[in-house]
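Here the structure comes first, spelled out in C-alpha cells, and everything after it is commentary.
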Amino acid sequence: MLRYDLHSHSTQSDGLLSPAALVRRAAERGVDVLALTDHDEVGGLAEAGAAAREVGIRLVNGAELSVSWRDVTLHVLGYRIDPACPELLEGLASIREGRTARARRIGDSLATAGIPDAFEGALKFVTSESLVSRTHFARFLVEAGHVRDIKEVFHRYLVRGKPGHVEHQWATLQQAIDWIQVAGGQAVIAHPGRYKVTPSAMRELLAEFRDRGGDGIEVLSSSHTGEQSAEFTRHARVFGLLASSGSDYHGPGESWVDLGDMPPPAGVDPVWKDW
Ligand code: AMP
Ligand code: MN
Ligand code: MN
Ligand code: MN
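Under my numbering, think of the first position of the sequence shown as 1106, with each following residue one higher.
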C-alpha cells in the first residue's frame, strides 16, 4: 500500500523547508505520494516536482486556498491542479493581494497591545515575496520572548478576541472550488475540526460545499483529535464526500506530526480512489 501525505508547506508560504528539501525529507520518511499545498501559492511546485523525480516519489501539485465563509476563515485544498492555469493563477494572486495590508493591521493591533514593530519583525521571517502570514508573526512573537512556542501564540494572540486579530476578506467558497476545478483539480476542505462553528453550521457547510461541487474533506489531520477524525469520517460518508489525510507539516521543530505520519482514511473512499 502506498503511503500518502496530502498536506504540506514549504518556504513558498509559511513552511521552513525549501520545496526540494521538503520532498527529500518526505522520501526519507517513506512517503510515496506527497502533495505540496502552500497557502495561496503554487510557486514551489516546479522545484518540488523536479526533486520528486530525482528521489523517485510522486508529487501532487497542490495549494491551500484561504476562504471566507459566513464569519469564519476556511482553508480549501486543491489537488492535482495545473499550476499554469491562468484562472487559478489570477485567483491565487487576488487572495494574496490583501495579505501585506492585513499584516500592517495585525502589526497595529499588536502595537496597541504593547508589542511594537511586529510587522517589521514578522517580515524578517517571510521567505516568499507577497506572502506574509500569521505564522510569520507567530515566529516573531516567540523570538521576541512574548510566548514560549508557536502553539501558545495561537491561544494568546492572532485569534478572534485576542491582540493581533484582524478581520479579513478572503476568496468565496465558490471561487476557491471553481479556480481549483478549472485547473483540473479536486477541492477538499482542510482540517474541518479547526473551524469554530456549531455542529449544525458544520453540517450546513459540508452540504453547501458538496452542492457547490466540492470533492472531499480532510478527515485525518494533525489538527484533529481521534474523535474528530472519526466524526469527519462519518460526515464524509453521509455527505458523499471523498476523504483525505495529511500532516500539514510546516517544518522541523514546528510540527508535532511529521511527514507521512497520518494514517490513511478508513471505511470511506479516499480522495485518491481514481488517481
Ligand atoms: P494566515 O493564513 O495568515 O491566517 O495564517 C494561518 C497559519 O497560521 C496557518 O496556516 C498555520 O500555519 C498557522 N496557525 C493557525 N492556527 C494555528 C494553531 N492553532 N497552531 C499552530 N499554527 C497555527
Ligand atoms: Mn500554515
Ligand atoms: Mn490550513
Ligand atoms: Mn496547511
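Even for Gly, the Cβ is constructed at its ideal location relative to N, Cα and C. On a predicted model such as this, the values are computed, not experimentally measured, just so you know.
Decide if residue i is buried, meaning its Cβ has at least 16 other Cβ atoms within 10 Å, or exposed.
i	result
HIS1260	exposed
ASP1222	exposed
LEU1107	exposed
ARG1175	exposed
THR1277	exposed
ARG1130	buried
VAL1343	exposed
ARG1265	exposed
TRP1380	exposed
GLU1152	buried
GLU1169	buried
ALA1312	exposed
Please look up how many angstroms separate the CB atoms of residue i and residue j, rounded, as I've assumed it's under 8 Å.
i	j	result
VAL1160	VAL1128	6 Å
GLU1323	ALA1295	5 Å
ARG1244	PHE1230	4 Å
LEU1150	SER1113	Incorrect: roughly 12 Å between the Cβ atoms, too far for contact.
SER1461	ASP1366	This structure gives no information on residue 1461, because the portion of the chain shown stretches from 1106 to 1380.
VAL1373	THR1338	5 Å
ASP1145	LEU1197	5 Å
PRO1375	PRO1368	So it is not a contact: roughly 11 Å between Cβ atoms.
Using only the alpha-carbon positions, how far apart do residue i and residue j sit?
i	j	result
GLU1248	TRP1275	28 Å
ILE1211	LEU1121	22 Å
ARG1209	LEU1246	15 Å
ASP1371	PHE1224	Checking the sequence shown, residue 1371 turns out to be Ala, not Asp. Their Cα atoms are separated by approximately 43 Å.
SER1123	VAL1147	13 Å
TYR1300	ARG1163	30 Å
ASP1316	GLY1219	46 Å
GLU1257	THR1240	12 Å
ALA1227	LEU1236	11 Å
LEU1179	GLY1321	14 Å
VAL1177	GLN1279	15 Å
LEU1347	SER1171	20 Å
GLN1291	ARG1201	21 Å
ALA1156	HIS1355	18 Å
LEU1194	LYS1267	33 Å
SER1173	GLY1167	20 Å
LEU1364	GLU1272	32 Å
ASP1143	GLN1117	6 Å
State the DSSP-derived secondary structure class of residue i, mapped to helix, strand or coil.
i	result
ASP1363	coil
ILE1186	coil
PRO1191	helix
TRP1275	coil
GLN1291	strand
LEU1179	strand
GLY1219	coil
VAL1324	strand
VAL1231	coil
PRO1297	helix
TRP1380	coil
GLU1169	strand
ARG1253	coil
SER1334	helix
LEU1107	coil
GLY1372	coil
Would you call the stretch 1301–1311 in contact with the stretch 1204–1212, where contact means no fewer than 3 C-beta pairs closer than 8 Å? no
Three or more C-beta pairs below 8 Å linking the stretch 1180–1188 and the stretch 1212–1220: no
Could you tell me whether the stretch 1355–1362 touches the stretch 1329–1347, using the rule of 3 or more Cβ pairs below 8 Å? Three or more Cβ pairs closer than 8 Å define a contact, and the stretch 1355–1362 falls short of that threshold against the stretch 1329–1347.
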